[in-house]
Amino acid sequence: MLGALAVTSVGLSTRVGAQNAASASKPMPSTATASPAPPTHVAGATPSPSNALCYIIWPPDGAVISGGKLWVRMGLRNMGVCPKGFNVPNTGHHHLIVDTDLPPFDQEIPSDRQHLHYGAGQTDARLELAPGKHTLQLLLGDANHRPHDPPVYSKKITVLVR
Ligand SMILES: [Cu+2]
1 MLGALAVTSV GLSTRVGAQN AASASKPMPS TATASPAPPT HVAGATPSPS NALCYIIWPP
61 DGAVISGGKL WVRMGLRNMG VCPKGFNVPN TGHHHLIVDT DLPPFDQEIP SDRQHLHYGA
121 GQTDARLELA PGKHTLQLLL GDANHRPHDP PVYSKKITVL VR
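The UniProt record's numbering puts the sequence shown at residues 1 to 162.
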């Protein structure tokens with residue numbers, strides 16, 4: 001009787017401990033579920049603080065934009081924005097990923113119409129989109145346009161232009 005009681009209480013405390021550990025290792029469940037789990041460790045990449053947060057201030061997810069001309073406002077917390085080419089710890093510059101998925105994290109971010117670089121350190125940008133549905137996502141790059149370790153990127157949002 002006494003033995004069975006002791007076993008039960010040990011089992012209970014073990015389970016509680018495991019639950020705490022699991023929730024502590026996932027600080028941002030909302031962003032973690034937004035993208036289909038790309039690798040988060042990039043060997044040799046410029047380090048970023050684990051609490052870095054990149055987000056699109058405007059437009060909001062689901063926004064309807066008349067005419068297709070808009071300003072995109074880019075947010076970054078716990079890191080600083082710095083122009084390309086300057087190796088300053090805990091900084092980077094914004095890249096806007098348009099209508100496509102995030103590029104590979106172990107390479108330089110491409111530069112084309114779907115991967116826009118803001119290498120002067122801009123935090124807002126004028127954009128013109130054709131009528132229809134579009135996706136927007138931010139990805140921070142280091143002095144050499146490479147994602148950090150761990151990579152710092154926003155949730156992917158959808159806007160509708162009409
Ligand atoms: Cu860049």
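For each residue, glycine too, the CB sits at the ideal point set by N, CA and C.
Locate the beta strand (DSSP E) running through residue i, then write down its first and last residues.
i	result
isoleucine 57	53-58
glutamine 137	132-141
arginine 162	Taken as a continuous stretch (DSSP letters only), arginine 162 belongs to no beta strand (DSSP E), as it is neither H nor E.
residue 193	Any property of residue 193 remains undetermined from this structure, which presents the chain solely from 1 to 162.
Straight-line CA distance for residue i to residue j?
i	j	result
threonine 123	arginine 146	18 angstroms
glycine 141	glycine 67	30 angstroms
glycine 132	threonine 100	15 angstroms
arginine 77	histidine 41	20 angstroms
alanine 24	arginine 162	Annotation note: pLDDT 41 at alanine 24 (below 50); position unreliable, no value reported.
methionine 28	alanine 63	In this prediction, methionine 28 has a pLDDT of 46, which is less than 50 and means its spatial position is unreliable; what the coordinates show is noted afterwards. So the two alpha carbons sit approximately 23 angstroms from each other.
serine 48	histidine 94	14 angstroms
aspartate 61	leucine 102	17 angstroms
Less than 9 angstroms between the beta carbons of residue i and residue j, yes or no?
i	j	result
leucine 70	arginine 126	yes
phenylalanine 86	alanine 45	no
alanine 130	cysteine 82	no
glycine 119	lysine 84	yes
Apart from the five residues just before and just after residue i, which ones in its own chain have a Cβ nearer than 6 angstroms to its Cβ?
i	result
leucine 116	Leu96
isoleucine 57	Arg73, Gly75
serine 154	Cys54, Tyr55, Ile56, Gln137, Leu138
serine 111	His117
histidine 134	Asp99, Val159
proline 151	Phe105
alanine 52	Asn78, Met79, Val152
In this structure, does DSSP put residue i in helix, strand or coil?
i	result
glutamate 128	strand
methionine 79	coil
aspartate 149	strand
leucine 70	strand
leucine 96	strand
threonine 40	coil
proline 47	strand
valine 64	strand
threonine 123	coil
aspartate 101	coil
Flag residue i as yes when its Cβ comes closer than 8 angstroms to any non-hydrogen atom of ligand 3, and as no otherwise.
i	result
tyrosine 118	This structure lacks ligand 3; its bound ligands are ligand 1.
Skipping 5 residues on each side, what residues in its chain have a beta carbon closer than 7 angstroms to that of residue i?
i	result
threonine 91	Met79, Gly80, Val81, Cys82
glutamate 108	Asn144, His145, Arg146
histidine 148	Ala45, Thr46, Pro47, Ser48, Gly92, Leu140, Asp142
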